[in-house]
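Residue numbers (UniProt numbering): 1 to 296.
Okay, here's the thing in structure tokens:
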């Protein structure tokens, strides 16, 4: 398929694998948190980071599923350093508990990959009485990032290595959206609720969060970048609320054509993305083969 084999400026194409994207990168001494690491993009991201000698902390809602992923990674990579911690992004209490335990551990934090998410669920409020997409996909990660930011700053300063914050967003916010954008005054209003538009506005919030955070970090002069990206239409458990026909179609073609993990790892580990915070746009500063999520 020539379209997906065409290489961009970084030397990678749409058919590049996660291993190829990270080939030659030594992550020894780096520590990463990956949310939603019990399946899909998160699990594969954790595996490849561990393969590159990064100490991976898997933030997962389902500890049993997370344990299974860790076991599989360690079986494949006996030297892997992987830990599993409970994290439910839809619950502020859970987010605060996770961050408190992590900060108290004294561990460094170089990389924060905000990946966990839900999509297409019927209207439901979180434990904190916030619409579930917005609570899980945006507010949970927003709070987590804020609570861990001092740890990332401290690590970047002491290690002299650039910190990375990556929000896994989606260009789907262009396709699924409410008229007028994010319904800030009606986030929790069931009237007029459309589940894919609710997903879209939460993903737009991811982009806006990364953009503003990048601006503030640059203004502060700290060595940390914040970016958002579009991983592609990879099939994961996030689609569990899809209606059957569309989900079936995605499962047949998604894994053959669209890439997900590679985008996350490029943004997290690639030299090309150094010092370029707040990247956005369908075809951006990292080259045509790097799909960063845009607001326009």
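For glycine and all other residues, C-beta sits at the position ideal for the given N, C-alpha and C.
Counting only the Cα atoms, residue 190 lies some 42 Å from residue 106. Within the same chain, and ignoring the five residues on either side of residue 66 in sequence, the residues whose Cβ sits closer than 6 Å to its Cβ are 38, 58, 60 and 84. The C-alpha of residue 94 is placed about 28 Å away from the C-alpha of residue 53. If you compare the alpha carbons of 221, 157, 196 and 147 with that of residue 98, the shortest gap goes to 147. Residue environment for residue 203: buried (at least 16 other C-beta atoms within 10 angstroms of its C-beta).
In this structure, residue 35 keeps its C-beta atom at 9 Å or more from the C-beta atom of residue 143.
Residue 210: member of the alpha helix (DSSP H) spanning 195 to 220, first to last residue. Nearest Cα to residue 179 within the set 197, 223 and 166: 197. In chain order, 38 place their CB closer than 7 Å to the CB of residue 62, counting only its own chain and leaving out the 5 sequence neighbours on each side.
Going by beta carbons, residue 135 and residue 89 fall inside the 9 Å limit.
With a minimum length of 4 residues, the unbroken runs of alpha helix (DSSP H) contained wholly in the region 30 to 111 fall at 40 to 51, 63 to 76 and 92 to 105. Under the three-state reduction of DSSP, residue 159 is assigned to helix.
Beta-bridge partners of residue 164 (DSSP): 111 and 225. Non-local C-beta neighbours of residue 91 in its own chain, meaning closer than 6 Å and more than five positions away in sequence, comprise 127, ordered along the chain. Taking each of 115, 96 and 74 in turn and checking the Cα distance to residue 32, the smallest one comes out for 115. When the Cα atoms are used, residue 133 and residue 159 turn out to be separated by approximately 36 Å. Taking C-alpha positions only, residue 164 is separated from residue 221 by approximately 14 Å. Selection 27, 212, 213 and 186 evaluated against residue 130 yields 186 as nearest (Cα-Cα).
Residue 44 is classed as buried because its beta carbon has at least 16 other beta carbons within 10 Å across all chains shown. Apart from sequence neighbours up to five positions away, no residue of its chain approaches residue 219 with a beta-carbon distance below 7 Å. A buried status is given to residue 40, since no fewer than 16 other beta-carbon atoms sit within 10 Å of its beta-carbon. Exposed is the label assigned to residue 72, since fewer than 16 other Cβ atoms lie within 10 Å of its Cβ.
Listed in chain order, the non-local C-beta contacts of residue 96 below 8 Å within the same chain comprise 143 and 147, local neighbours out to five positions each way being set aside. Contact annotation, residue 81 with residue 50: C-beta distance approximately 7 Å; criterion of less than 8 Å satisfied. Its chain contains 34, 37, 56 and 58 as the residues whose beta carbon lies nearer than 6 Å to that of residue 46, once the 5 sequence neighbours on both sides are disregarded; these appear in chain order.
Under the DSSP definition of a beta bridge, residue 125 partners with 131. Taking 8 Å as the upper bound for CB-CB distance, residue 110 and residue 161 are in contact here, some 6 Å apart.
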